[in-house]
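S.K.: Take the sequence shown: its letters are residues 145 to 523, numbered as in our numbering. Even glycine gets a Cβ: it sits at the ideal position worked out from N, Cα and C. Keep in mind that this is a model prediction, so the values were computed, not measured.
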Amino acid sequence: MKGQYELGPIRPPSEAYSLLIRATRNCSWNRCRFCDTYRGKKFELRPVADIKEDIDTAKAIYDEIRELAGKSGRGSAIDEVAAMVYNSPPNDSYRNVALWMYAGGTSAFLQDANTLIMRTDDLEEVLKYLKATFPSIERVTSYARSQTAAKKTVAELTRLHEAGLSRLHIGLETGYDPLLKFTEKGATAAHHVEGGKRVVASGISLSEYVLLGLGGKSMWREHALETARVLNEINPDYIRFRTMVLKPGMPMYDEDLPGGKWELATDEEVVTELKLLIENLNCSSNVVSDHIDNLLQEVEGKLPQDKEKMLAIINRFQSMPLAERTNFRVGRRVGIYTCLDDIKDPRKRSAVDGVVSRIRKNDDGIDEDKLYEFMQRFV
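1. In the DSSP assignment, what residue or residues form a beta bridge with threonine 168?
2. Helix, strand or coil for glutamate 407, going by three-state DSSP, please let me know.
3. Per DSSP, asparagine 235 forms a beta bridge with which residues?
4. Counting only the same chain and skipping the five closest in sequence on each side, list residues whose C-beta sits under 8 Å from that of threonine 371.
5. Going by DSSP, what residue range makes up the alpha helix (DSSP H) through glycine 88?
6. Quick one: Cα of glutamate 413 to Cα of aspartate 265, how far?
7. Alpha carbon to alpha carbon, how far is serine 346 from threonine 250?
8. Use the C-beta contact count for arginine 175: other C-beta atoms within 10 angstroms, 16 or more gives buried, fewer gives exposed.
9. Taking C-alpha atoms, which residue in Ile436, Ala409, Met454 and Thr410 lies nearest to asparagine 424?
10. On a Cα-Cα basis, can you pick out the residue from Leu260, Asn438, Gly340 and Ala368 that is closest to phenylalanine 472?
11. Please look up how many angstroms separate the CB atoms of glutamate 352 and leucine 375, rounded, as I've assumed it's under 8 Å.
12. Terminal residues of the continuous beta strand (DSSP E) containing valine 431?
13. Alanine 331 and leucine 324 look like a contact to me (Cβ under 8 Å); what is the Cβ gap, rounded to whole Å?
14. Can you tell me which residues form a DSSP beta bridge with glutamine 255?
15. So, does the region 148–157 touch the region 295–304, judging by three or more C-beta pairs under 8 Å?
16. Shortest alpha-carbon distance to lysine 360 belongs to which of Met396, Ile378, Lys215 and Asn426?
17. Run through the DSSP bridge pairs and tell me what histidine 313 is partnered with.
18. Can you check whether the CB of serine 232 is closer than 8 Å to the CB of valine 225?
19. Assuming phenylalanine 385 is part of the beta strand (DSSP E), what are its boundary residues?
20. Identify every residue that forms a DSSP beta bridge with leucine 267.
21. Under three-state DSSP, which class holds isoleucine 480?
22. Between the region 451–465 and the region 395–409, do at least 3 Cβ pairs fall closer than 8 Å?
23. Mind checking which residues open and close the alpha helix (DSSP H) that includes methionine 519?
24. To the nearest angstrom, report how far apart tyrosine 182 and glutamate 188 are at their CA atoms.
25. Might you give, ordered along the chain, the residues of its own chain that have their beta carbon closer than 8 Å to the beta carbon of arginine 365, omitting 5 neighbours on each side?
26. Answer yes if the region 241–249 comes into contact with the region 204–212, meaning at least three C-beta pairs across the two stretches below 8 Å, and no otherwise.
27. Quick check on the burial criterion: 16 or more other C-beta atoms within 10 angstroms. Buried or exposed for cysteine 568?
28. Measure the CB-CB distance between lysine 203 and threonine 259 and report whether it falls below 8 Å.
29. CA-CA distance, lysine 514 and proline 380?
30. My understanding is that aspartate 256 touches arginine 169, with C-beta atoms under 8 Å, so please give their C-beta distance in whole angstroms.
31. Got a sec? Which residues, its chain only, sit under 6 Å from arginine 384 by beta carbon, not counting five neighbours each side?
32. Quick check on glycine 249: does DSSP put it in helix, strand or coil?
33. Assign glutamate 282 to buried or exposed, taking buried as 16 or more other Cβ atoms, counted over all protein chains shown, within 10 Å of its Cβ.
34. One question on the structure: do isoleucine 480 and glutamate 468 come within less than 8 Å of each other, judged by their Cβ atoms?
35. For arginine 493, which of helix, strand or coil comes out of DSSP?
36. In the DSSP assignment, find the unbroken alpha helix (DSSP H) run with valine 298 in it and report its ends.
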């Protein structure tokens, strides 16, 4: 076991079990003030030949794991051998392939931040080669930028869809132009709408990411209303929520927070923002809250039919007594609670009560800075 191929640093939570293939390195924009994932790293287009070589290496690892299963007498239970390799891999490439095989081997994710910026012919060639090498792959997804999608024709995007590109994940973040400018997102609301509509028209499934709390204390209302407006125009297949979490190394944390240019919204304020956003969504998207930093992760559903259900969850949280809301917030931030009903579980409640007592302040409040540190661990 010695094969190894290049892997990028991140992928969406929904691609946890996907085969990862690095098509580009780092981010083609890399100026967003709320992100440090690729800070200080140069963007590069990888040669198609190098990407194909990585796909071949992944295939060699795949074949080797299948061979190990055959030699062990477990040929009909490849997932068992894949699990063993995953738990004790010689490198991260084996870990990725083994996990992918264990999960069924049906999806792949092209890294890094904006694979769509590749020449259409090159990306099409990579997609076809990947699908030919791994016929079991049913879904291929990747990150993209709205600006890049807006520069591709619908015909080009359709070609990519026909070559195997199933879904694009785009960081909308907000539809409010002053906030897009402040955070140096490198796109306008019009870019978001144009790029998103072209992707939808091509048949490629579209996931748009919304950054809850991005408006802080001063722009939260405009952030919610304009984001809803843009999403209604695009009508993406998925709307995925992320909660704004800053940490050292991000320009907004290092420069804007100390200078008072931007003030962090509280959990309660973010929930109010989320409620306003959902109230104003008039599209047919699937709402997904698949990140641990989201306070109300159970606010999910299909629009428009599940709108009232999602709003009911928010109303339930807001109607809870302050002590109960605080307890739930702490339980979520330390990873004990996943939904509002978990607060009724005596064992989980006892564990959270212990954490609350450790971070309580003399004024009967809790140490919000400490609670925020819990959130920062997952960024």
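M.R.: According to the structure data:
1. Leu189
2. coil
3. Beta-bridge pairing links asparagine 235 to no other residue.
4. Leu316, Thr318, Gly319, Tyr320, Val354 and Leu421
5. No statement about residue 88 is possible, as the shown extent of the chain runs from 145 to 523 and does not include it.
6. 46 Å
7. 22 Å
8. exposed
9. Met454
10. Asn438
11. 6 Å
12. 430–432
13. 6 Å
14. Arg166
15. no
16. Sequence inspection shows glycine at residue 360; the lysine mentioned does not correspond to that position. Closest option to glycine 360, Cα to Cα, is Met396.
17. Tyr287 and Ser351
18. no
19. 382–387
20. According to DSSP, leucine 267 bridges with nothing at all.
21. coil
22. no
23. 512–520
24. 12 Å
25. Gly359, Glu417 and Leu420
26. yes
27. No answer is possible for residue 568: the residues shown for the chain start at 145 and end at 523.
28. no
29. 36 Å
30. 6 Å
31. Ser351, Tyr353 and Val432
32. coil
33. exposed
34. no
35. helix
36. 298–307
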